[in-house]
Amino acid sequence: MEKVICVKDLKREYHKKSGLFKKNKNIVKAVDGISFDVYEGEIFGLLGQNGAGKTTTIKMLTTLLAPTSGQCQVLGYKTFGEEKNIRSKINFIFGGEMGVYRRLSARDNLRYFSNLYLIPANLQKERIDNILELVDLKDRADDLVETYSKGMIQRLQIARGLINDPEILFMDEPTVGLDPVGARMLRDIIRKLKAQGKTVLLTTHNLSEVEELCDRVVIINKGKVIYGGTPEEIKGDSLSLEDAYVKLIEEVSE
Amino acid sequence: MIFRVIFSTMIVQMKQSFARPMFRFCLLANPMLNTILLYEMYKNSGEENFMAYVVLGAGLMGLWGCICFSSAGDINRERYSGTLSLIFVAPTSFPIIILGKIIGNTLMSLLTLGISLATAKILFGIDLVLESPGYFLIALLASVITFIVISSVIACLLTLSRKTELYMNCIEIPMSLICGFVFPVSVLAPQVRIISYILSPTYAVELMRMAVWGVIDTTLFWEKMSILILLTIIYTLISVFLYKKIDRRVRIAATLEVA
Ligand SMILES: Nc1ncnc2c1ncn2[C@@H]1O[C@H](COP(=O)(O)OP(=O)(O)OP(=O)(O)O)[C@@H](O)[C@H]1O
Ligand SMILES: [Mg+2]
């Protein structure tokens, strides 16, 4: 199987200036030398505590953020410098109520993003209808997004992430705010993508979701990989994945 | 394809901007109030042609205000709503999207000229006096283009910084004054006038005002127009250069988002 994501000794620092007059520069090592590979068709989980560096990693992979050092390749291209070869083939979904135009309808949002993703006009209508159906927003598609509930906005986010039929989909806590039915819908979508041979990289704090979906995971802690393997391997003899995860985190925090 | 991106961005931008009360205020109320204010100021000044300073002045101030607070402020709004990063990583090049936004805003903002004209007509019975309509259209077109280019330079700089609102407030009024939107720049101190004459709107305004009065000296008109075009080209080059720079810069400095 083909390697579609290749991360080697990847680092990212943030420089934060604090203090009003005496500028203190402190450096936050958000990602501190992580390595992992993801293969085509995999559902890959990125786990870790709040502030572990998951979102930062996803941002570097999605060409949003420049790495400080190390290797960060998607589909064989560098995410910083060769991003033009990557952007049309990937997409990402961030959890929460961000990333949509609230003063437009869902349909207008999707239409706009399909223009930005250079999707031919003759394909757009059908694709948008299908996606709206898929995320169960069809009835409200022409209402302004500002009248939507949190979960509906999240569904729209998911729809937007699918607009260019991406080969790799990055998801940062995509089930945040979804009701149980919505969360299951998303899991079904993810499985459907896998069945189509697509790759999904996701972060989540919901470990039962990880057990249900992920082929492989890495656990990051304070910017470093502390474990990598299949959910079963991580679980080992523990009663649940959660027990095993907590134990791992506690071990490294000692 | 690129055309469709620009056009759809324009439409989205117009819908979004118009839905904002602050933008509607800038677009509709601001030119009305400015017209009233300027009329009262110019009423007893001996200046008979109210078109030149009152209508045009109020309209331009409104236009410039809209440009400041939307073309530029939008970058920040998109940053806070999380869409800035989305449009940044879309396969379409980022400057094209920004250009679409700016064109949308600028075209819509042209309404301010109509509103100040209507206000002047309805409240004070000032007639539209336009001696050289042809020249006026040429001057207007050139002005629109130069405003679009200036906005794109500003928008670009603001992509790099998060203190957008502050900077916008700082340049809105001074720009109107230095470029002589409401009075001739000849009343300014010579040191300030140097700045006026490196800013292209100064020429844009002078050209429009010439057309209002009637272009008698056509050589002078085209001379000023050449300078305007030259400055606009220089700004365009600056803007292209800046966009090349920021593309890498924003990803190193992580300023696309607020988190
Ligand atoms: N723009 C930024 N400027 C400065 N520091 C940042 C910035 N973004 C993130 N950080 C810091 O980098 C570290 C990693 O953050 P990141 O968002 O990647 O964590 P995360 O694993 O996604 O956490 P969560 O589970 O809470 O989403 C944190 O210490 C955070 O404070
Ligand atoms: Mg995160």
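Chains as they are written, first to last, in the numbering used here: chain P, 1 to 254; chain S, 1 to 259. Even glycine gets a Cβ: it sits at the ideal position worked out from N, Cα and C.
Rounded straight-line distance, which links the Cα of residue j to that of residue i
| i | j | result |
| --- | --- | --- |
| LEU256 of chain S | LEU84 of chain S | 6 angstroms |
| GLY95 of chain P | LYS89 of chain P | 20 angstroms |
| PHE136 of chain S | ALA204 of chain S | 10 angstroms |
| ARG20 of chain S | PHE69 of chain S | 11 angstroms |
| TYR42 of chain S | THR202 of chain S | 20 angstroms |
| GLY214 of chain S | VAL54 of chain S | 17 angstroms |
| VAL218 of chain P | GLY76 of chain P | 21 angstroms |
| GLY236 of chain P | ASP165 of chain P | 36 angstroms |
| GLY114 of chain S | GLY104 of chain S | 17 angstroms |
| VAL225 of chain P | ILE34 of chain P | 6 angstroms |
| MET152 of chain P | ALA159 of chain P | 10 angstroms |
| ILE98 of chain S | VAL129 of chain S | 36 angstroms |
| ILE261 of chain S | GLU172 of chain S | Any property of residue 261 of chain S remains undetermined from this structure, which presents chain S solely from 1 to 259. |
| GLU242 of chain P | PHE3 of chain S | 52 angstroms |
| ALA52 of chain S | PRO174 of chain P | 57 angstroms |
| PRO31 of chain S | ARG209 of chain S | 18 angstroms |
| SER132 of chain S | VAL212 of chain S | 6 angstroms |
| LYS194 of chain P | ILE5 of chain P | 16 angstroms |
| TYR197 of chain S | VAL38 of chain P | 58 angstroms |
| ASN206 of chain P | GLY45 of chain P | 11 angstroms |
| ARG77 of chain S | TRP222 of chain S | 40 angstroms |
| ALA29 of chain S | LEU56 of chain S | 15 angstroms |
Own chain residues within Cβ distance below 6 angstroms of residue i, not counting five before or after
| i | result |
| --- | --- |
| ASN109 of chain P | VAL100 and TYR101 |
| ILE128 of chain P | LEU110 |
| PHE88 of chain S | PHE94 and LEU256 |
| GLU100 of chain S | In the sequence under discussion, the amino acid at residue 100 of chain S is Gly, which differs from the Glu named in the question. Within the same chain, GLY100 of chain S has close Cβ partners ILE6, THR9 and MET10. |
| GLN124 of chain P | SER114 |
| MET257 of chain P | Shown here, chain P extends from 1 to 254; a query on residue 257 of chain P therefore has no answer. |
| PRO120 of chain P | none |
| GLY197 of chain P | GLY41 |
| MET14 of chain S | GLY104 and MET108 |
| LEU63 of chain S | SER109 and THR112 |
| THR230 of chain P | ARG216 |
Any non-hydrogen atom of ligand 1 closer than 6 angstroms to residue i Cβ
| i | result |
| --- | --- |
| ALA52 of chain P | yes |
| TYR14 of chain P | yes |
| VAL28 of chain P | yes |
| ALA254 of chain S | yes |
Endpoints, alpha helix (DSSP H) assigned at residue i
| i | result |
| --- | --- |
| CYS156 of chain S | 133-160 |
| GLN154 of chain P | 150-162 |
| LYS245 of chain S | 218-253 |
| ASN85 of chain P | No alpha helix (DSSP H) holds ASN85 of chain P; DSSP gives it neither H nor E. |
| GLN196 of chain P | Counting along the chain, GLN196 of chain P falls outside any alpha helix (DSSP H), and DSSP gives it neither H nor E. |
| ILE87 of chain S | 83-89 |
| SER208 of chain P | 207-213 |
| VAL12 of chain S | 2-18 |
Distance cut-off 6 angstroms: residue i Cβ against heavy atoms of ligand 2
| i | result |
| --- | --- |
| THR57 of chain P | no |
Beta carbon of residue i nearer than 7 angstroms to that of residue j
| i | j | result |
| --- | --- | --- |
| SER151 of chain S | ALA58 of chain S | no |
| CYS26 of chain S | GLY65 of chain S | yes |
| LYS8 of chain P | GLY223 of chain P | no |
| PRO67 of chain P | LEU10 of chain P | yes |
| GLU13 of chain P | THR199 of chain P | no |
| PRO190 of chain S | LEU118 of chain P | no |
| CYS156 of chain S | TYR243 of chain S | yes |
| ILE131 of chain P | LEU156 of chain P | no |
| VAL12 of chain S | THR159 of chain S | no |
| THR112 of chain S | THR232 of chain S | no |
| GLN16 of chain S | ARG140 of chain P | no |
| ALA254 of chain S | LEU169 of chain P | no |
| ALA244 of chain P | SER253 of chain P | no |
| GLY53 of chain P | VAL31 of chain P | yes |
Host beta strand (DSSP E) of residue i (start-end)
| i | result |
| --- | --- |
| ASP172 of chain P | 168-172 |
| PHE44 of chain P | 43-48 |
| TYR227 of chain P | 224-229 |
| ASN30 of chain S | Premise fails: ASN30 of chain S lies in the alpha helix (DSSP H), 30-42, not in any beta strand (DSSP E). |
| VAL215 of chain S | Neither: VAL215 of chain S is in no beta strand (DSSP E) and is coded neither H nor E. |
| ARG216 of chain P | 216-221 |
Under 8 angstroms by beta carbon: chain C residues contacting residue i
| i | result |
| --- | --- |
| ILE252 of chain S | Of the protein chains in this structure, namely P and S, none is chain C. |
Chain-order list of residues whose beta-carbon lies under 7 angstroms from that of residue i (same chain, five-residue window excluded)
| i | result |
| --- | --- |
| ASP179 of chain P | GLY151 |
| MET61 of chain S | ASN34, SER176, PHE181 and VAL182 |
| LEU248 of chain P | ILE219, ILE226 and TYR227 |
Sequence-distant residues of its chain with Cβ nearer than 8 angstroms to residue i (five each side left out)
| i | result |
| --- | --- |
| THR79 of chain P | MET60, LEU61, THR62, THR63, PRO67, CYS72, GLN73 and ILE86 |
| TYR39 of chain S | PHE50, VAL54, ALA120, LEU123, PHE124 and ILE126 |
| LEU220 of chain S | MET210 |
| VAL153 of chain S | TYR235, ILE238, SER239 and LEU242 |
| LEU37 of chain S | ALA58 |
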